[in-house]
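Visitor: The structure's right below; bear with me while I get my questions together.
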Amino acid sequence: MCVIGKDRLGWQYLIQLADNGRELMTRRNRIIAGAGEQGPEMAQALDNALYGVFSTVTIASLSFQKPAMMKKPNLEYRPLDHDPRDTWVPYPKRSDQLLAHTNCVMNSMFDLHVIFRDITKYFFAHDEKPSRSDIGVMVNSFHIRLQRWSQELPECISFGNASVPAIADMHMRYNASILTIFGFIRDADDYPHELVSRATNLRLSAARDISALSNLHGTKWPIQHAPLAIMQWATIALFTLLEDISSPES
1 MCVIGKDRLG WQYLIQLADN GRELMTRRNR IIAGAGEQGP EMAQALDNAL
51 YGVFSTVTIA SLSFQKPAMM KKPNLEYRPL DHDPRDTWVP YPKRSDQLLA
101 HTNCVMNSMF DLHVIFRDIT KYFFAHDEKP SRSDIGVMVN SFHIRLQRWS
151 QELPECISFG NASVPAIADM HMRYNASILT IFGFIRDADD YPHELVSRAT
201 NLRLSAARDI SALSNLHGTK WPIQHAPLAI MQWATIALFT LLEDISSPES
């Protein structure tokens, strides 16, 4: 992130991506209408593009601690049909095909990124920092939403069933958001001891979950072929665990 940060080329690319996403949202229906008999296929292609843009903009904004520059697109949820043709094959060294659970991941990831967008809008969209009491209330509110998201996940993509990299990445993003929101409650001088202690425990737990998912990825698939985003989640987790380096668990 230090290479492509807020004042560098990567940030400009992100702004352009958000602009393109907003333009695509306004032109979507017109493009589909002009596709004739291929309208359904065009709609799915456009929705895939919007999903990708929205996901990229929101998770990058959370990492940069900037407000997301794109509103929630109006996307239909995909059927949870578990098509047997929906498979993923490890690469570059191929092995047995695995069910990809693409629709389940995309539906749940979209819901997760909607929460990310709301987090960035609240914490990073204003010059004035919210009051301590307001921050405490909103952190708890966002945590409840994140917990509900986790509890409502289909069993096939739950934390214990990270059978493909996309599922592991999704859970890393979830835990990274826990680290982000509870990072606002770290100063014992500003908040009650009980609240700071709870925030610290939740952050450490999230960091250890990211560590476990990183180890899982390295065990199942070569870590050198891991998605680049995993470096960001691993870095956040490592800095968090350094705060508790005297503990064997960390």
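Note that the UniProt record's numbering has the sequence shown beginning at 1, numbered continuously upward.
For glycine and all other residues, C-beta sits at the position ideal for the given N, C-alpha and C.
All of these numbers come straight from a predicted model, not from anything done at the bench.
Opposite residue 88 in the DSSP bridges: which residues?
Guide: For the purposes of this step, residue 88 is taken as residue 88 along the sequence shown, with counting starting at 1. Bridge partners of residue 88: 98.
Visitor: Between the Cα of residue 85 and those of 233, 115 and 103, spot the shortest distance and give me the residue it belongs to.
Guide: For the purposes of this step, residue 85 is taken as residue 85 along the sequence shown, with counting starting at 1. The candidate whose alpha carbon is nearest that of residue 85 is 103.
Visitor: To the nearest angstrom, report how far apart residue 146 and residue 169 are at their CA atoms.
Guide: What you label residue 146 is simply residue 146 of the sequence shown in a count that begins at 1. What you label residue 169 is simply residue 169 of the sequence shown in a count that begins at 1. Using only the alpha carbons, I get a separation of about 16 Å.
Visitor: For the alpha helix (DSSP H) that residue 11 lies in, which residues bound it at each end?
Guide: Residue mapping note: residue 11 aligns to position 11 of the sequence shown, counting from 1. 9-33 is the extent of the alpha helix (DSSP H) around residue 11.
Visitor: Less than 6 Å between C-beta atoms, sequence neighbours within five positions excluded: which residues of the same chain meet that for residue 241?
Guide: As a position in the sequence shown, residue 241 is number 241, starting the count at 1. Within the same chain, residue 241 has close Cβ partners 207 and 250.
Visitor: For residue 100, which residues in the same chain have their Cβ closer than 6 Å to its Cβ, ignoring the five residues on either side in sequence?
Guide: Along the sequence shown, read from residue 1 onward, the residue named residue 100 stands at position 100. Only 86, 87, 88 and 164 meet the Cβ criterion.
Visitor: Taking all protein chains shown into account, decide if residue 192 is buried (16 or more other Cβ within 10 angstroms of its Cβ) or exposed.
Guide: Numbered from its first residue, the sequence shown carries residue 192 at position 192. By the neighbour-count rule (16 or more Cβ atoms within 10 Å), residue 192 is not buried but exposed.
Visitor: Per the contact definition of three or more C-beta pairs closer than 8 Å, is the segment 200-214 in contact with the segment 39-51?
Guide: Taking 8 Å as the limit for Cβ pairs, the verdict is that the segment 200-214 does not touch the segment 39-51.
Visitor: Return yes when the Cβ of residue 182 is within less than 9 Å of the Cβ of residue 162, no when it is not.
Guide: Here residue 162 is taken as the residue at index 162 of the sequence shown, counted from 1. Here residue 182 is taken as the residue at index 182 of the sequence shown, counted from 1. Going by C-beta atoms, residue 162 is not nearer than 9 Å to residue 182.
Visitor: Between residue 125 and residue 67, which are expected to be in contact by the criterion C-beta below 8 Å, what is the C-beta distance as a whole number of angstroms?
Guide: Taking the first residue of the sequence shown as 1, we reach residue 125 at position 125. Taking the first residue of the sequence shown as 1, we reach residue 67 at position 67. Going by Cβ atoms, the distance from residue 125 to residue 67 rounds to 4 Å, so yes, they are a contact pair.
Visitor: Could you check if residue 120 is buried or exposed, using at least 16 other CB atoms within 10 Å of its CB as the buried criterion?
Guide: Within the sequence shown, numbered from 1, the residue matching residue 120 stands at position 120. Under this definition residue 120 is a buried residue.
Visitor: CB-CB under 6 Å to residue 28, same chain, minus the five flanking residues each way: which ones, in chain order?
Guide: If you number the sequence shown from 1, residue 28 lands on position 28. So the qualifying residues of the chain are 46.
Visitor: Check residue 164 in the structure and name its three-state DSSP category.
Guide: Position 164 of the sequence shown, counted from the first residue, corresponds to residue 164. In the structure shown, residue 164 sits in coil (DSSP, three-state: anything other than H, G, I, E or B).
Visitor: Could you give the DSSP three-state label for residue 110: helix, strand or coil?
Guide: As a first step, residue 110 must be located in the sequence shown, where it is residue number 110. In the structure shown, residue 110 sits in a helix (DSSP, three-state: H, G or I).
Visitor: Locate the alpha helix (DSSP H) running through residue 36, then write down its first and last residues.
Guide: Translated into the one-based positions of the sequence shown, residue 36 becomes position 36. Counting along the chain, residue 36 falls outside any alpha helix (DSSP H), and DSSP gives it neither H nor E.
Visitor: Indicate the three-state DSSP secondary structure (helix, strand or coil) for residue 52 in the structure shown.
Guide: The sequence position of residue 52 within the sequence shown is 52, counting from 1. Helix at residue 52.
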